[in-house]
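First up is the structure itself, then whatever we jot down about it.
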Amino acid sequence: MERIKQGISTLRPSEQKVANYIINNTKAILDMPIAQLAKNTKTSEATIIRMCRSLHIKGFRELKLSISASANQDGITTDRYEDIAADASLSQIIKFISHNNYRSIESTLALIDENCMEKAIGLLDHARKIVVIGVGASAIVAFDFEQKCKRINKWCEALTDSHTQLTSAVHLDDRDVVLAISYSGETIEIIDTVKIAKRNKANIISLTGYSSNKVQSLANVNLYASPLEKSIRSGATASRIAQLNIVDILFTGLASLNFEQSVDFLDKTREVIQNR
């Protein structure tokens with residue numbers, strides 16, 4: 009369901025009709041043949057299959073199985089993201105912020121493609137240099153990944169200034185990796201830097217929202233984060249949590265590939281900080 013909701017804007021108009029019908033009639037879909045769905049949406053069975061594949065779902069059967077598994081796990085839910093409210097009590101704030109963060113991570117898990125994640129970790133492992141780029145709230149995530157990589161002695165630099173991003177990209181080559189973080193995937197500073205890095209044969213890993221965007225189109229590997237935010241008032245809080253969850257997975261996967269060495273580096277860095 010998260011893939012459908014997040015990816016609906018990327019679909020063709022006829023496919024959007026099917027997706028909207030599924031969102032509004034989720035329980036009914038579980039027992040509905042594909043021919044009946046085509047009739048109800050005034051589309052074709054081929055359109056339904058194309059919609060599934062556009063959302064990285066193999067077919068209608070897998071779609072129904074996935075919806076059923078989700079329903080059995082936690083119920084088909086319409087929980088919405090709670091935005092900032094006037095005169096909210098502290099108790100309410102604690103509850104809806106925690107709920108938002110939980111839902112953001114939960115929906116991001118539904119978008120994870122393990123093959124893409126494994127490929128991304130492999131690229132990071134073999135990289136001479138890792139350059140992480142992001143602006144605004146995404147810059148916080150970039151610095152977090154840089155700090156983690158330094159703990160295991162992996163060359164990584166977080167760049168959040170457009171001039172520094174551009175000048176650094178000029179010196180990259182096919183031995184290097186750029187992790188480009190931008191929820192919209194349309195941040196002009198990130199796009200310009202990725203274009204230069206790509207021109208120099210660097211590998212690009214994108215971390216964006218689940219929709220078609222420019223950064224995604226330039227990347228070798230695409231990873232997705234689901235924020236659920238509906239208003240600019242929310243200040244990219246849940247999207248940041250979702251992005252942090254993804255970079256934590258990347259870091260842990262990277263450290264696990266070189267487990268003994270990583271543990272040794274982590275112990276050394278912990279010891280030197282404790283001695284302060």
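Here our numbering is used: the first residue of the sequence shown is 9, the next is one more, and so on.
Quick reminder that beta carbons are idealized off the backbone N, C-alpha and C, glycines included.
Do residue i and residue j have their C-beta atoms closer together than 9 Å?
i, j, result
"Leu258", "Leu187", "yes"
"Leu226", "Ile212", "yes"
"Gly262", "Leu132", "First, the amino acid is wrong: residue 262 is Leu here, not Gly. Yes, Cβ-Cβ distance for Leu262 and Leu132 is below 9 Å."
"Ser234", "Gln14", "yes"
"Ala195", "Ser176", "Going by the sequence as given, residue 195 is Thr instead of Ala. Contact: no."
"Leu19", "Lys72", "no"
"Val229", "Ala128", "yes"
"Val139", "Leu167", "yes"
"Ile204", "Thr116", "no"
"Asn161", "Phe273", "yes"
"Ala118", "Arg11", "yes"
"Ser17", "Ser219", "yes"
Going by DSSP in three states, residue i sits in which element: helix, strand or coil?
i, result
"Leu98", "helix"
"Leu226", "helix"
"Glu194", "coil"
"Val186", "strand"
"Ile65", "coil"
"Asn283", "coil"
"Ile75", "helix"
"Thr216", "strand"
"Leu38", "coil"
"Leu231", "strand"
Alpha carbon to alpha carbon, what distance is there between residue j and residue i?
i, j, result
"Phe68", "Pro21", "18 Å"
"Leu174", "Gly142", "12 Å"
"Lys209", "Ser170", "20 Å"
"Ile113", "Ile281", "30 Å"
"Ile198", "Tyr191", "11 Å"
"Glu154", "Cys164", "5 Å"
"Lys35", "Ser214", "34 Å"
"Thr277", "Asn283", "10 Å"
"Thr260", "Leu231", "16 Å"
"Met40", "Glu53", "13 Å"
Determine, using beta-carbon pairs with one atom in the stretch 141 to 148 and one in the stretch 97 to 106, whether at least three such pairs fall under 8 Å. no
Beta strand (DSSP E) runs wholly inside the stretch 137 to 165, at least 3 long, in chain order: 138 to 141
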